[in-house]
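Chains A and B are the protein sequences, given in the same order.
First residue of the first sequence: 1, per the numbering used here; consecutive thereafter.
First residue of the second sequence: 116, per the numbering used here; consecutive thereafter.
All C-beta atoms in this analysis are idealised placements derived from N, C-alpha and C, irrespective of residue type, glycine included.
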Amino acid sequence: AQKITQTQPGMFVQEKEAVTLDCTYDTSDQSYGLFWYKQPSSGEMIFLIYQGSYDEQNATEGRYSLNFQKARKSANLVISASQLGDSAMYFCAMRERYNNNDMRFGAGTRLTVKP
Amino acid sequence: DGGITQSPKYLFRKEGQNVTLSCEQNLNHDAMYWYRQDPGQGLRLIYYSQIVNDFQKGDIAEGYSVSREKKESFPLTVTSAQKNPTAFYLCASSILGETGAGETQYFGPGTRLLVL
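Below, the structure is given as structure tokens:
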């Protein structure tokens, strides 16, 4: 069963503007972790941000923040002040507490930042 | 610098040939993972290992084999039984913590496998 859904195959944003990349997930576990990764054209996966299911505050890392809505099972990534170097594929992933070696990835969203 | 290295960057396989992808980490991580990525798709787990000399199958283990003789190394062999091996292969590692869910996986640069 699909556990991570990213509904936006591609997104465009103007340089210096903010953009939100959507992610919804499905789990019956109470304890889980949500992750966002960036994959530039070189191919490596770069870890961006983590949100734990019990964290009360939304995670933030520099220009990245995670809009975590637990009841809606969504974990959207917000990138503020977009830069040309932000153009890449972005993947949402989830890891469940009692299945902690199984990180499930979404299909990804390709973000293009326009000058 | 600490990190994960994968080699080679590109690998070509002939029909009926087994090939081995290398993955080494110096992060002192207990857990290591292999993923396959097909064009335009997310990652799928092939194998993972939590400890030396032990490993478990992921979702798409058929046609692949692994070994974990050292903590630092987790090579993946793509056997001739894997009929569609052309893909991008990513190795990752993480600590094994108490929470289970929060341990971030860190990735190597990947190996692109092509069939001749």
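Partners in chain B for residue i, counting only beta-carbon separations shorter than 8 Å
i, result
"Tyr90/A", "Within chain B, no residue comes near Tyr90/A; the closest Cβ sits about 11 Å away, beyond 8 Å."
For residue i, the residue or residues it bridges with in DSSP
i, result
"Tyr98/A", "Paired residue(s): none; Tyr98/A is not in a bridge."
"Arg104/A", "Met94/A"
"Asp29/A", "Beta-bridge pairing links Asp29/A to no other residue."
"Arg183/B", "Beta-bridge pairing links Arg183/B to no other residue."
"Gly189/B", "The question names Gly, but residue 189/B in the sequence shown is Phe. Per DSSP, none; premise fails for Phe189/B."
"Arg128/B", "Val230/B"
"Met147/B", "Ser164/B and Ser208/B"
"Tyr82/A", "Here the sequence assigns Ser to residue 82/A, which means Tyr is not the residue at that position. None, per the DSSP bridge assignment."
"Arg159/B", "Arg151/B"
Proximal chain A residues relative to residue i, where beta-carbon distance stays under 7 Å
i, result
"Gly225/B", "Gly43 and Glu44"
"Leu205/B", "Met45"
Sequence-distant residues of its chain with Cβ nearer than 6 Å to residue i (five each side left out)
i, result
"Phe222/B", "Leu205 and Ala207"
"Met147/B", "Ser164, Phe189 and Ser208"
"Leu34/A", "Gln51, Ala75 and Met94"
"Val181/B", "Tyr162, Phe170 and Leu191"
"Gln220/B", "Ala207 and Ser209"
"Arg110/A", "Gly10 and Met89"
"Lys63/B", "Shown here, chain B extends from 116 to 231; a query on residue 63/B therefore has no answer."
Minimum Cβ-Cβ distance from residue i to chain A less than 8 Å
i, result
"Leu158/B", "yes"
"Phe170/B", "no"
"Phe222/B", "yes"
Cβ-heavy atom distance, residue i to the ligand MN, below 7 Å
i, result
"Phe47/A", "Inclusion of the ligand MN in the displayed structure is not the case, the ligand content being empty and no account of it being possible."
Chain B contact for residue i (CB, 8 Å cutoff)
i, result
"Tyr64/A", "no"
"Phe47/A", "yes"
Closer than 7 Å at the beta carbon, the chain B residues around residue i
i, result
"Phe35/A", "Thr219"
"Ala126/A", "Because chain A here runs from 1 to 115, residue 126/A falls outside it and cannot be looked at."
Beta-carbon neighbours of residue i, restricted to chain B and to distances below 9 Å
i, result
"Asp86/A", "Here the premise fails: no neighbours, minimum Cβ distance about 18 Å."
Same chain, Cβ closer than 8 Å to residue i, five either side skipped, listed in chain order
i, result
"Arg183/B", "Met147, Ser164, Ile166, Val167, Asn168, Asp169, Phe170 and Phe189"
Cutoff 7 Å; reference residue i; Cβ partners in own chain excluding five residues on either side
i, result
"Ala176/B", "Ile161 and Tyr162"
"Ser87/A", "Leu111, Thr112 and Val113"
*Selection of the region 7 to 28 of chain A by Cβ proximity to chain B, strictly under 7 Å*: none
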